[in-house]
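Mapping to the working numbering: the sequence shown position 19 is 21, numbers consecutive.
The C-beta atom is built at its ideal place from N, Cα and C for all residues, glycine as well.
Data block below; observations after.
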Amino acid sequence: MKPHLSSSSSSVLRQARLSPYVFTLLAFIVFVIVLYGEDFNCIFGQLDLGNPARPISRTEKKWENLPFSIGETPKGCDVFSGKWVWDDSTRPLYEEADCPYIQPQLTCQEHGRPDKNYQYWRWQPHGCSLPSFNATLMLETLRGKRMMFVGDSLNRGQYVSMVCLLHSIIPEHAKSMKTNGSLTVFTAKDYNATIEFYWAPFLLESNSDDAVIHRISDRLVRKGSINKHGRHWKGADILVFNTYLWWMTGLRFKILQGSFEDGVKDIVEVPTEEAYRMAMKSMMRWIKKNMDRKKTRVFFTSMSPSHQKSIDWGDDSNGNCYNQTTMIEDPTYWGTDSRKSIMQVIGEVFDKSKFPISFINITQLSNYRRDAHTSIYKKQWNPLTPEQLANPISYADCVHWCLPGLQDTWNELLFTKLFYP
Ligand SMILES: *[C@@H]1O[C@H](CO)[C@@H](O)[C@H](O)[C@H]1NC(C)=O
Ligand SMILES: *[C@@H]1O[C@H](CO)[C@@H](O)[C@H](O)[C@H]1NC(C)=O
Ligand SMILES: *[C@@H]1O[C@H](CO)[C@@H](O)[C@H](O)[C@H]1NC(C)=O
Ligand SMILES: *[C@@H]1O[C@H](CO)[C@@H](O)[C@H](O)[C@H]1NC(C)=O
Ligand SMILES: *[C@@H]1O[C@H](CO)[C@@H](O)[C@H](O)[C@H]1NC(C)=O
């Protein structure tokens with residue numbers, strides 16, 4: 003089953019009935035969801051989508067005069083290419099217990115994680131050093147402005163990390179965080195600044211848009227629907243998008259042509275890459291129409307890798323991220339191939355972009371970090387069965403990341419691209 007990357011409509015099938023393959027997959031998904039519950043909506047990402055032969059394209063364009071820039075990263079320094087170095091003098095950037103905004107799915111120490119080493123690694127690019135994260139500079143820059151993260155639970159993790167990096171310099175009475183439906187808003191009152199998160203795992207309208215109840219196995223995205231969520235992003239000065247994991251349900255993805263109100267009838271099924279490309283193009287059009295390149299910035303965070311199968315890193319003991327306390331040392335490690343084709347779509351769409359989008363390429367540097375996931379050290383929504391308790395590997399979350407931890411580095415890279423593009 004080789005997926006095709008072409009966008010030809012010849013590969014579009016009318017979806018009249020479920021193929022046996024899809025049916026088996028759905029049955030399996032329903033089974034696992036019943037078994038594991040909340041937050042396992044994303045773990046089906048490891049299906050191999052093939053290994054495209056074409057090389058990954060170049061998304062790092064040099065744009066002139068970007069808003070908010072105060073300097074430049076040295077020419078020729080790719081900040082995403084580097085290595086992890088042990089640094090217990092400057093890490094972690096904050097303590098877990100000092101940031102009340104971390105959701106209980108990410109507070110690993112509170113939930114009994116015995117080791118802390120995952121907190122002490124600093125990303126060191128080969129060609130230069132990252133500027134240190136300056137919370138004062140960030141908040142001063144956001145004065146009278148809105149910064150908004152849009153995407154899935156991984157982007158929410160990065161959002162919370164950003165709030166944790168900033169909140170300690172704001173006094174207690176001058177900050178708040180409130181959630182209403184899909185939108186969470188952190189307010190820094192004295193700065194008249196907000197840092198917001200908007201839940202939209204596909205960016206487009208989908209049947210997984212409820213911010214709380216979104217465990218839907220038979221996922222469906224509506225074509226041409228970006229404004230459904232996009233109207234809530236208008237007026238943001240800095241936007242940080244992500245979308246990836248929710249697309250990973252198999253080789254093909256279902257797209258609704260009509261509206262959800264009309265009932266679910268006009269559906270086509272296309273290769274996942276094609277569906278993803280459609281969403282990326284919609285996002286680009288929305289950005290071009292609604293963002294001002296002279297005053298605002300847009301970021302896109304690449305795919306967050308998971309560590310579900312230890313065989314991927316050459317350990318055939320049927321393990322996963324559970325009990326991993328060291329990172330993967332092999333600098334060429336890339337994990338499962340499924341992400342390459344998606345990375346390629348991102349590259350192709352961004353290469354054609356007329357709007358400067360700053361690409362936060364966290365995939366490779368996060369690939370090494372099998373040690374940084376929340377694993378079993380998080381709030382469990384459903385009581386665990388004795389069978390699960392006897393076998394922690396079975397319920398370890400190898401998708402999300404502990405805070406403080408890896409995602410603080412994603413924000414250091416965001417900081418770098420914002421001020422020193
Ligand atoms: C992302 O970064 C990795 C590591 O530097 C690189 O191999 C890959 O080509 C980059 N991807 C894109 C689309 O720029
Ligand atoms: C952080 O940024 C502020 C505001 O631009 C500046 O005054 C301060 O010197 C910076 N701090 C460091 C350590 O660079
Ligand atoms: C606060 O910021 C908003 C933009 O987020 C702006 O419209 C408003 O004028 C600002 N208010 C003050 C008092 O500066
Ligand atoms: C929550 O958002 C809805 C619209 O999305 C709005 O009608 C409602 O007033 C908001 N509630 C609060 C408490 O802000
Ligand atoms: C965890 O890993 C250590 C070695 O790193 C091993 O000795 C131990 O048996 C493992 N524990 C479990 C429960 O797998």
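Taking the alpha-carbon positions, what's the residue i to residue j distance?
{"i": "Ile45", "j": "Ala277", "result": "Caution is warranted here: a pLDDT of 38 is assigned to Ile45, below 50, making its placement in the model unreliable, and the coordinate value is therefore given only provisionally. Between Ile45 and Ala277, the C-alpha separation is close to 19 Å."}
{"i": "Met196", "j": "Pro76", "result": "In the sequence under discussion, the amino acid at residue 196 is Thr, which differs from the Met named in the question. Those two C-alpha atoms are separated by around 31 Å."}
{"i": "Ile330", "j": "Trp315", "result": "7 Å"}
{"i": "Pro423", "j": "Phe352", "result": "16 Å"}
{"i": "Ala281", "j": "Asn244", "result": "11 Å"}
{"i": "Ala213", "j": "Ser184", "result": "5 Å"}
{"i": "Ile237", "j": "Met164", "result": "Note that residue 237 corresponds to Gly in the displayed sequence, not to Ile. Their backbone Cα atoms lie some 20 Å apart in a straight line."}
{"i": "Gly47", "j": "Asp192", "result": "Legend: pLDDT at Gly47 = 35, less than 50; position of this residue unreliable, no value from coordinates given."}
{"i": "Ile348", "j": "Val242", "result": "15 Å"}
{"i": "Gly337", "j": "Ile364", "result": "14 Å"}
{"i": "Cys166", "j": "Cys101", "result": "6 Å"}
{"i": "Ser131", "j": "Glu66", "result": "22 Å"}
{"i": "Ile313", "j": "Pro106", "result": "29 Å"}
{"i": "Ser219", "j": "His113", "result": "28 Å"}
{"i": "Leu253", "j": "Pro273", "result": "6 Å"}
{"i": "Lys342", "j": "Pro307", "result": "11 Å"}
{"i": "Ile269", "j": "Lys230", "result": "19 Å"}
{"i": "Ser368", "j": "Gly129", "result": "18 Å"}
{"i": "Glu414", "j": "Glu74", "result": "15 Å"}
{"i": "Met345", "j": "Gly78", "result": "21 Å"}
{"i": "Phe151", "j": "Val187", "result": "10 Å"}
{"i": "Leu94", "j": "Phe361", "result": "A small correction: the amino acid at residue 94 is Pro; Leu does not occupy that position in the sequence shown. Roughly 25 Å separates the two Cα atoms."}
{"i": "Ser155", "j": "Lys296", "result": "30 Å"}
{"i": "Lys147", "j": "Thr189", "result": "10 Å"}
{"i": "Lys354", "j": "Gly84", "result": "27 Å"}
{"i": "Met286", "j": "Pro388", "result": "48 Å"}
{"i": "Asp50", "j": "Glu174", "result": "Its pLDDT being 34, under 50, Asp50 is placed unreliably by the model, and the measurement read from it follows with that caveat. The straight-line gap from Cα to Cα measures roughly 48 Å."}
{"i": "Cys110", "j": "Ser319", "result": "24 Å"}
{"i": "Gln409", "j": "Glu263", "result": "38 Å"}
Considering only residues of the same chain and omitting the five flanking positions on each side of residue i, which have a CB-CB separation below 7 Å?
{"i": "Lys290", "result": "Lys356 and Phe357"}
{"i": "Asp90", "result": "Tyr122"}
{"i": "Tyr370", "result": "Trp86, Met329, Ile330 and Tyr335"}
{"i": "Leu386", "result": "Tyr397"}
{"i": "Thr26", "result": "Note on Thr26: pLDDT 48, under 50, position unreliable in the model; the coordinate value appears next. Correct list: empty, nothing qualifies."}
{"i": "Trp235", "result": "Met150, Val152, Tyr200 and Leu241"}
{"i": "Trp88", "result": "Tyr122 and Trp123"}
{"i": "Thr327", "result": "Asp117, Asn119 and Asp373"}
Once the 5 residues before and after residue i are set aside, which same chain residues still bring their CB inside 8 Å of it?
{"i": "Ile171", "result": "Ala137, Thr138 and Leu141"}
{"i": "Leu108", "result": "Gly159, Val162, Thr376, Lys380, His402, Trp403, Cys404 and Leu405"}
{"i": "Phe70", "result": "Thr143, Ile240, Arg299, Leu420 and Phe421"}
{"i": "Asn157", "result": "Phe151, Phe199, Val242, Phe243, Asn244 and Thr303"}
{"i": "Lys177", "result": "His169, Phe188, Thr189, Ala190 and Lys191"}
{"i": "Asn292", "result": "Gly232, Trp235 and Lys236"}
Measure the CB-CB distance between residue i and residue j and report whether it falls below 7 Å.
{"i": "Ala392", "j": "Asn322", "result": "no"}
{"i": "Ser284", "j": "Ile228", "result": "yes"}
{"i": "Thr411", "j": "Val81", "result": "no"}
{"i": "Tyr120", "j": "Asp373", "result": "yes"}
{"i": "Lys256", "j": "Glu275", "result": "no"}
{"i": "Trp288", "j": "Gly232", "result": "yes"}
{"i": "Ile215", "j": "Tyr324", "result": "no"}
{"i": "Trp248", "j": "Phe204", "result": "yes"}
Please go through the same chain and pick out, in chain order, the residues whose beta-carbon is closer than 6 Å to the beta-carbon of residue i, but skip the five residues on each side of it.
{"i": "Met149", "result": "Ile197 and Ile240"}
{"i": "Tyr246", "result": "Met305"}
{"i": "Ile72", "result": "Phe421"}
{"i": "Asp332", "result": "none"}
{"i": "Gln259", "result": "Lys225 and Asp268"}
{"i": "Arg115", "result": "Tyr379"}
{"i": "Pro22", "result": "Model confidence at Pro22 stands at a pLDDT of 47, short of 50, so the residue's coordinates are unreliable and nothing is read from them."}
{"i": "Ile104", "result": "Val162 and Leu405"}
{"i": "Glu207", "result": "Arg224, Ser227 and Lys230"}
{"i": "Ala2", "result": "Nothing can be reported for residue 2, as the shown portion of the chain is limited to 3 through 423."}
Using a C-beta cutoff of 7 Å, does residue i count as contacting chain C?
{"i": "Gly237", "result": "The structure shown has no chain C; it contains just one protein chain."}
For ligand 6, I want to know if residue i counts as a neighbour, meaning its beta carbon is within less than 6 Å of at least one of the ligand's heavy atoms.
{"i": "Asn209", "result": "Here the bound small molecules are ligand 1, ligand 2, ligand 3, ligand 4 and ligand 5; ligand 6 is not part of this structure."}
- Counting by C-beta, which residues lie closer than 6 Å to a heavy atom of ligand 2, in chain order? Asn136, Thr138, Leu139 and Glu142
- Residue ranges of each alpha helix (DSSP H) within the region 218-294, 4 or longer: 228-232 and 274-292
- Message: Which runs of the beta strand (DSSP E) at least 3 residues long sit entirely within the region 331-372? Give them in chain order.
- Response: 359-362
- Query: Going along the chain, which unbroken runs of the alpha helix (DSSP H) with 4 or more residues stay wholly within the region 111-192?
  - Reply: If we require 4 residues or more, the alpha helix (DSSP H) runs fully inside the region 111-192 come out as 137-143 and 155-169.
- Task: Output the residues surrounding ligand 3, defined as those with a CB atom closer than 6 Å to any ligand heavy atom, in chain order.
- Result: For ligand 3, the selected residues are Gly146, Lys147, Arg148 and Asn194.
- Message: Tell me which residues pass a beta-carbon proximity test against ligand 4: closer than 7 Å to any heavy atom, given in chain order.
- Response: Asn182 and Gly183
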